[in-house]
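Visitor: Protein chains in written order, with this note's numbering: chain C, 271 to 381; chain D, 271 to 381; chain Y, 271 to 381; chain A, 271 to 381.
Backbone N, C-alpha and C fix where the C-beta goes; we use that ideal spot for every residue, glycine too.
First the structure, then my questions, so here it is.
What follows is the structure in structure tokens.
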């Protein structure tokens, strides 16, 4: 059940990052810093080989309120995650699709 | 890749519930209500067949502050989750083990 | 500085509830349960005399995704909060105004 | 009611930052980055003149799990916040006291 366990670990990380960080105040100027903070927090977790987080600048701009900031929403996130578990590599991620923040498995292969 | 996808979906739900609800103020009197609210929110998500959440009363009692409440911590949670994905049933969950809130896959089988 | 301290306590509770619960999956069927869970968690905190939470059903309906649920957003929340601090009563709350989830102080008076 | 409103705004920011970021995975190596990310997100909010966040390294070290990380807890946080509202300056903050993450008002004065 190693392949399933590896995929399970990928799911945990995506669900966790989403619900930890959605709601965080951000602006165009703080996108990079928040992306890095999310990446650092995900990278610490077990079996994470690498993670890349991008926050959609266009969507942030659209959502800015009169005070010049907005809150992080799921559909702003684009994530590429690589999990390494017991000789397996899982590629998974997250991106907006038809207005829904879709999480997906891309590939599982032996290292 | 259906088995892996099914396991991935289980992981998403556990990671999400953890990071959504950890930090919620609770007391001995509100344990049941919070368990139900967590179950209801998880049940709405795609592919969730059922979910059972228990919050450890003993740990809540240990953590109560002088105001008579504490905050939900991962190690207080015991979760049984059933995912149904494309003819497959996944059983997964979460419980404290050696002080760590462990998430685990129990079984994947055809419905 | 009692009046200011009483108002400060009201602010803490509103900021906390917002960032604890925004992002929670909900549907039309789980609105009542989530309102109660939020009220119970706020009521536990120091100096809270009472709290009433309403989640806007119309906005929930508008946001439902293809799976029949959405996530709690700040603008869906309407909150009436009463703080009692050292002989003072503070009335404060939160509601959507021009698309922004506004938190406001209504009244501070002696009990 | 300007002084009370200014204090209310300080409370909102402290309650919000607490419940947004508690639960975030962190290690000794990511403390600085997380402090900065929290400061940046608070600084965006209305009436924030400045904010300084420190995460207690000793407590992080004590809580590290076998994977070398832990989760942000309220008692790890030390925050100094300055709010400017309508000609008033409020100094407020948060620090651990007797095991409880205490939020406090320090001073309100005219600018």
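What residues of chain C sit near residue 281(Y), judged by a beta carbon separation below 8 Å?
Guide: The premise fails here: residue 281(Y) is roughly 16 Å from chain C at the closest Cβ pair, so nothing lies under 8 Å.
Visitor: Under 8 Å between the Cβ atoms of residue 377(C) and residue 361(C)?
Guide: Yes; because the gap between Cβ atoms is below 8 Å, this pair is in contact.
Visitor: Can at least three beta-carbon pairs, one atom from the stretch 351 to 361 of chain C and one from the stretch 306 to 318 of chain C, be found at a separation below 8 Å?
Guide: Contact between the stretch 351 to 361 of chain C and the stretch 306 to 318 of chain C is present, because at least three Cβ pairs lie under 8 Å.
Visitor: Report the three-state DSSP secondary structure of residue 373(A) (helix, strand or coil).
Guide: It is a strand residue.
Visitor: In the DSSP output, what is residue 295(D) paired with across the bridge?
Guide: Paired residues: 341(D).
Visitor: Against chain A, with Cβ distances strictly below 8 Å, would residue 370(D) count as a contact?
Guide: Taking Cβ atoms only, chain A reaches closer than 8 Å to residue 370(D), which makes this a yes.
Visitor: Between 296(Y), 379(Y), 314(Y), 337(Y), which lies nearest to residue 328(Y) when the distance is taken from Cα to Cα?
Guide: Among 296(Y), 379(Y), 314(Y), 337(Y), the Cα nearest to that of residue 328(Y) belongs to 296(Y).
Visitor: Could you work out which residues of chain A lie near residue 293(D), taking near to mean beta carbons separated by less than 7 Å?
Guide: Those within 7 Å of residue 293(D) in chain A are 289, 292, 293.
Visitor: Pick helix, strand or coil for residue 284(C), following the three-state DSSP scheme.
Guide: Of the three classes helix, strand and coil, the one that applies to residue 284(C) here is helix, per DSSP.
Visitor: By the 8 Å beta-carbon criterion, what residues does the stretch 336 to 359 of chain Y contribute toward chain D?
Guide: Here the close residues are 337, 338, 339.
Visitor: Any beta carbon from chain Y within less than 8 Å of residue 277(A)'s own beta carbon?
Guide: Closer than 8 Å to some Cβ of chain Y, the Cβ of residue 277(A) qualifies, so yes.
Visitor: Could you say which of 370(D), 281(D), 298(D) lies nearest to residue 336(A) if we only look at CA atoms?
Guide: Nearest C-alpha to residue 336(A): 370(D).
Visitor: Return the chain-ordered list of same chain residues with a C-beta closer than 6 Å to the C-beta of residue 342(A), the five sequence neighbours on each side being excluded.
Guide: Within the same chain, residue 342(A) has close Cβ partners 291, 292, 294, 296.
Visitor: Name the DSSP bridge partner or partners of residue 322(C)?
Guide: Per DSSP, 350(C).
Visitor: Give me, in chain order, the residues of the same chain whose beta-carbon lies closer than 8 Å to that of residue 375(A); leave out the 5 immediate sequence neighbours on both sides.
Guide: Hits under 8 Å: 277, 280, 360, 361, 362.
Visitor: In terms of alpha-carbon separation, which member of 344(D), 381(D), 355(D), 379(D) lies closest to residue 372(D)?
Guide: For residue 372(D), the nearest C-alpha among the options comes from 344(D).
Visitor: Count the other C-beta atoms from every protein chain shown that fall within 10 angstroms of the C-beta of residue 305(Y), then say buried if there are 16 or more, exposed otherwise.
Guide: Flag for residue 305(Y) reads buried.
Visitor: In chain C, what lies closer than 8 Å to residue 304(A) by C-beta?
Guide: Those are 307, 310, 311, listed as they occur along chain C.
Visitor: I think residue 282(Y) touches residue 357(A), with their Cβ atoms under 8 Å apart; what is that distance to the nearest whole Å?
Guide: With a Cβ gap of about 23 Å, residue 282(Y) and residue 357(A) do not count as contacting.
Visitor: At a Cβ threshold of 8 Å, is residue 351(C) touching chain B?
Guide: Included in the structure are the protein chains C, D, Y and A, with no chain B among them.
Visitor: Got a sec? Which residues, its chain only, sit under 6 Å from residue 324(Y) by beta carbon, not counting five neighbours each side?
Guide: Taken in chain order, the residues that qualify are 348.
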